[in-house]
Amino acid sequence: MPRFYFVLTRPAALLVAALLLNACGPATDAPETAAAKPLPPIPPAAAPGDGAALAAGQALFAQNCALCHGADGKLGLNGARDLTKSNLNATGRTYMVEHGSASGVMPAFKGQLTDEQIAQVVAYSLTLK
Ligand code: HEC
1 MPRFYFVLTR PAALLVAALL LNACGPATDA PETAAAKPLP PIPPAAAPGD
51 GAALAAGQAL FAQNCALCHG ADGKLGLNGA RDLTKSNLNA TGRTYMVEHG
101 SASGVMPAFK GQLTDEQIAQ VVAYSLTLK
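Here's what the structure looks like:
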């Protein structure tokens, strides 16, 4: 009875094939594996003072501050202070950038720059020596 054997075996073979395909399932498994991976810790360097933030600060300084202070902070145009000689710390500089100078010559940047951008440009200004 070879014919009977054949009839029984074929569905079984299909079932085995289906199970094998299902077990592989690479397309559905891959994203799950990636999502289950623990995220790398956020480096402390994400705060103002790290390389990327300083680069952003440098660009912001070139756009918003170099006009009066010079790219190196020493220009002193219209009475702008030489930033390389400033004794103001980050808090003092942040206040200055947010509110501008009392004389009104230096504009207030609050509203022009975000808090993060102000922190970045201040961090950069502190590197000017
Ligand atoms: C329109 C010109 C002008 C621009 C633009 C300008 N400043 Fe000034 N800045 C001044 C002047 C003028 C002073 C001095 C004000 C005073 O002492 O009354 C000053 C003072 C400062 C001081 C205080 C220094 C100290 O020791 O007293 C800091 C810090 C400073 N600027 C940072 C910046 C930064 C950062 C930017 C860009 C976001 C900027 N400034 C843009 C003109 C400018």
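Numbered by the numbering used here, the letters in the sequence shown go through residues 1 to 129 in order. Even for Gly, the Cβ is constructed at its ideal location relative to N, Cα and C. From a predicted model like this one, the values you see are computed outputs, not experimental measurements.
Contact set for residue i: own chain, Cβ-Cβ below 7 Å, skip 5 residues either direction
{"i": "Leu54", "result": "Ala123, Tyr124, Thr127"}
{"i": "Ala62", "result": "Ala71"}
{"i": "Val105", "result": "Asn78, Gly79"}
{"i": "Phe109", "result": "Asn64, Val97, Glu98, Ile118"}
Residue i, enclosing alpha helix (DSSP H) - first and last residue
{"i": "Ser125", "result": "115-127"}
{"i": "Asn64", "result": "51-64"}
{"i": "Gly92", "result": "90-99"}
Own chain partners of residue i with C-beta closer than 6 Å, once the 5 adjacent residues on each side are dropped
{"i": "Gly73", "result": "Leu83, Thr84, Leu128"}
{"i": "Leu77", "result": "Cys68"}
beta-carbon residue i near the ligand HEC non-hydrogen atom, thresh 6 Å
{"i": "Leu67", "result": "yes"}
{"i": "Ala123", "result": "no"}
{"i": "Gly79", "result": "yes"}
{"i": "Asn89", "result": "no"}
Other residues of its chain near residue i: CB distance less than 8 Å, five sequence neighbours each side excluded
{"i": "Leu60", "result": "Leu113, Gln117, Gln120, Val121, Tyr124"}
{"i": "Leu88", "result": "Met96"}
{"i": "Thr94", "result": "Ile118, Ala119, Val122"}
Selected residue, minimal CA-CA separation from residue i, among the options
{"i": "Cys65", "options": "Asn87, Val97, Ala52", "result": "Val97"}
{"i": "Ser103", "options": "Ala90, Leu75, Arg81", "result": "Arg81"}
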